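Residue numbers (the working numbering): 10 to 682.
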């Protein structure tokens, strides 16, 4: 088995172009091991030797890189693991622990893939190993931050429960002591008129301690200094800290923290003092958390009527929620409606209270069970916003539904916000815009139509003239020529009518190659007049897409017309004008388009588009054409492709011009499929 693996490596070294296989592995940022079926290591790259703390010679003698408690120490598990790879022959990914030369255990992410010999049998494994140490440290930091956030939430909860100043301060102090695990504390309020700190509330302090800590002048002791310096001050040991102005150590206070309470404008509102019976070192994390709490409480103290303001805000939100013209509903992860505004209720002829408890499938589809691939269910599972347009044939309207996940602080999906809008009028306007664009396009091709019709008419006229004068030589051939030219005109008129007809979208199987040739035929006269050479590179086998041929042809017409206009401003002497049209199949999903699809590319060598204008090219009425234009062509094209669940983007070519890339899925309405 060893010799088979070595042959694989030698083969890799002598193939794959100019850079040897082993050199590529050596410089990879991740650790790479080549392992035989007996767990013996045949090769380790630089990063692997770094992780395990061994040189190349030593590491290749190692047969065991796992700690004693690892499942990989079991021969039975290893054999079962090997047999599974033999059967499935797929890449295996898992997290585990390995041990380095110093005996330290390291958490790693391992991606294993089998190595095959010339007979197709597995002779070894390649293992890509990523050290997770830094990731785990980041996760711990994030966990500490989350704990800090939860502490702030607890304090915020206390703030929102304000009834009066005394109750508010008591709730805040209780929450802070709870999240910091400190024994006692008090809150001072700043008296602006007399400029001193007045003890307002305390907890778990003896009467004698309260008398000692009753009031402080600004700058006096740790508490007064925290107010003046506007920073959290820590005393780890009250017995040795000289900043203390009063004998708190005698009152069984071993350590303390003084936190300024500062409002939004930086104005001092008070000081939060926290005490512990024993000496204690406060961490930087605790320090920053206390500072954040101080700011939060300081802001709350600025609101003397916090409870009323909160209630007013809640009422205002509810009124705004109900005043929105869009229908808005909040759903549980199961799809049940928790809350709905008046607009949604009116949209369906119900009362908002009656909507609560209904499932989305019942409201939108009249069904008791969720449909396959339900939009709200997809929002929950994918944790991403979704958008779908639903046809309500019973009421003759189109509803656009947009869903957004509600993610809790713990990272779970707490619900879904669903916004519903009646876009029937918008769709009608959009349809009229498309029709206007078609009419405008007919004007563009009018000269070409005249040329295309004029040629066959001349042939027909000439043949008829010969026949009328009795100079015909072969009447049958001349009549056949008249019929052919008549059919040519009929076909041209039919194409023009198909292109210009205003009709509802009708999805059917569309051959993009045929549609491209048909559209270029309509524009052939303009292209020739502009001295543009058209190059086709159409895939010999291109799957049909489920789409509306009229709308897709509108997109092709707009894109080719834009390309022609972009090249017409280039003097022919400067460079040859070339229009390149390419099609290809994208049956394998990609990162930015995870569905089987076809690809259409339309490239020109015109002026191109400034980089700062590229993000705006699909905005309505935006045009880069200096000679004018409606600026609707690309916007309409974008909407059409979007309705086909496709993708359209524009890239500047390295030398001249742009390339428009269109991707159309084989299934057009992925939201409903």
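For glycine and all other residues, C-beta sits at the position ideal for the given N, C-alpha and C. As the structure is a prediction and not an experimental result, all values here were calculated from the model.
Within 8 Å, strictly: CB atoms of residue i and residue j
i	j	result
residue 44	residue 110	no
residue 524	residue 570	no
residue 551	residue 591	no
residue 686	residue 348	No statement about residue 686 is possible, as the shown extent of the chain runs from 10 to 682 and does not include it.
residue 380	residue 414	no
residue 406	residue 335	no
residue 302	residue 284	no
residue 594	residue 611	no
residue 121	residue 101	yes
residue 650	residue 563	no
residue 107	residue 75	yes
residue 338	residue 359	no
residue 212	residue 173	no
residue 575	residue 621	no
Three-state secondary structure (DSSP) of residue i
i	result
residue 401	strand
residue 207	strand
residue 57	helix
residue 544	strand
residue 550	coil
residue 390	helix
residue 653	coil
residue 181	helix
residue 325	helix
residue 314	Confidence at residue 314 is low in this model, with a pLDDT of 47, below 50, so the placement of that residue should be treated as unreliable; the coordinate-derived value is given next. Residue 314 falls in the coil class under three-state DSSP.
residue 123	strand
residue 89	helix
residue 679	Confidence in residue 679 is poor, its pLDDT being 46 and thus under 50, which makes the residue's placement too unreliable to answer from.
residue 301	helix
residue 363	helix
residue 159	helix
residue 13	With a pLDDT of 43 at residue 13, under the threshold of 50, the modelled position of that residue is not reliable, and no figure is offered here.
residue 271	strand
residue 51	strand
residue 637	Legend: pLDDT at residue 637 = 46, less than 50; position of this residue unreliable, no value from coordinates given.
residue 277	strand
residue 646	helix
residue 145	helix
residue 376	coil
residue 619	coil
residue 128	coil
residue 333	coil
residue 484	helix
residue 74	coil
residue 292	coil
In DSSP terms, what residue i is bridged to
i	result
residue 106	116
residue 660	668
residue 235	Bridge partners of residue 235: none, in fact.
residue 199	206
residue 370	According to DSSP, residue 370 bridges with nothing at all.
residue 265	244 and 284
residue 606	595 and 674
residue 40	138
residue 2	In the structure as shown, the chain begins at 10 and stops at 682. Residue 2 is therefore absent and cannot be evaluated.
residue 346	340
residue 101	121
residue 555	518
residue 395	412
residue 212	194
Host alpha helix (DSSP H) of residue i (start-end)
i	result
residue 530	521 to 538
residue 137	Element bounds for residue 137: not the alpha helix (DSSP H) but the beta strand (DSSP E), 131 to 140.
residue 338	Note, residue 338: premise wrong, no alpha helix (DSSP H); beta strand (DSSP E) at 336 to 340.
residue 192	It is not in any alpha helix (DSSP H) - residue 192 carries neither H nor E in the DSSP assignment.
Residue range of the beta strand (DSSP E) that includes residue i
i	result
residue 569	Not the beta strand (DSSP E): residue 569 falls in the alpha helix (DSSP H), residues 558 to 577.
residue 428	422 to 431
residue 413	406 to 416
residue 354	Element bounds for residue 354: not the beta strand (DSSP E) but the alpha helix (DSSP H), 351 to 356.
residue 224	224 to 226
Measuring CB atoms only, is the stretch 516 to 524 touching the stretch 539 to 559, in the sense that at least three cross pairs come out at less than 8 Å?
Pairwise C-beta distances place the stretch 516 to 524 in contact with the stretch 539 to 559, as three or more of them are shorter than 8 Å.
Can at least three beta-carbon pairs, one atom from the stretch 293 to 302 and one from the stretch 214 to 226, be found at a separation below 8 Å?
The stretch 293 to 302 vs the stretch 214 to 226: no contact.
Does the stretch 668 to 676 come into contact with the stretch 577 to 588, if we say contact requires no fewer than three beta-carbon pairs (one atom in each stretch) closer than 8 Å?
These segments do not touch.
Contact between the stretch 323 to 331 and the stretch 304 to 311 is defined here as three or more beta-carbon pairs at a separation below 8 Å; is this criterion met?
Put simply, the stretch 323 to 331 does not touch the stretch 304 to 311. Fewer than three CB pairs are less than 8 Å apart.
Can at least three beta-carbon pairs, one atom from the stretch 226 to 244 and one from the stretch 279 to 290, be found at a separation below 8 Å?
Output reads yes: the stretch 279 to 290 touches the stretch 226 to 244.
Quick check: the stretch 382 to 397 against the stretch 418 to 436, are there 3 or more CB pairs under 8 Å?
Cβ pair count under 8 Å is three or more, so yes.
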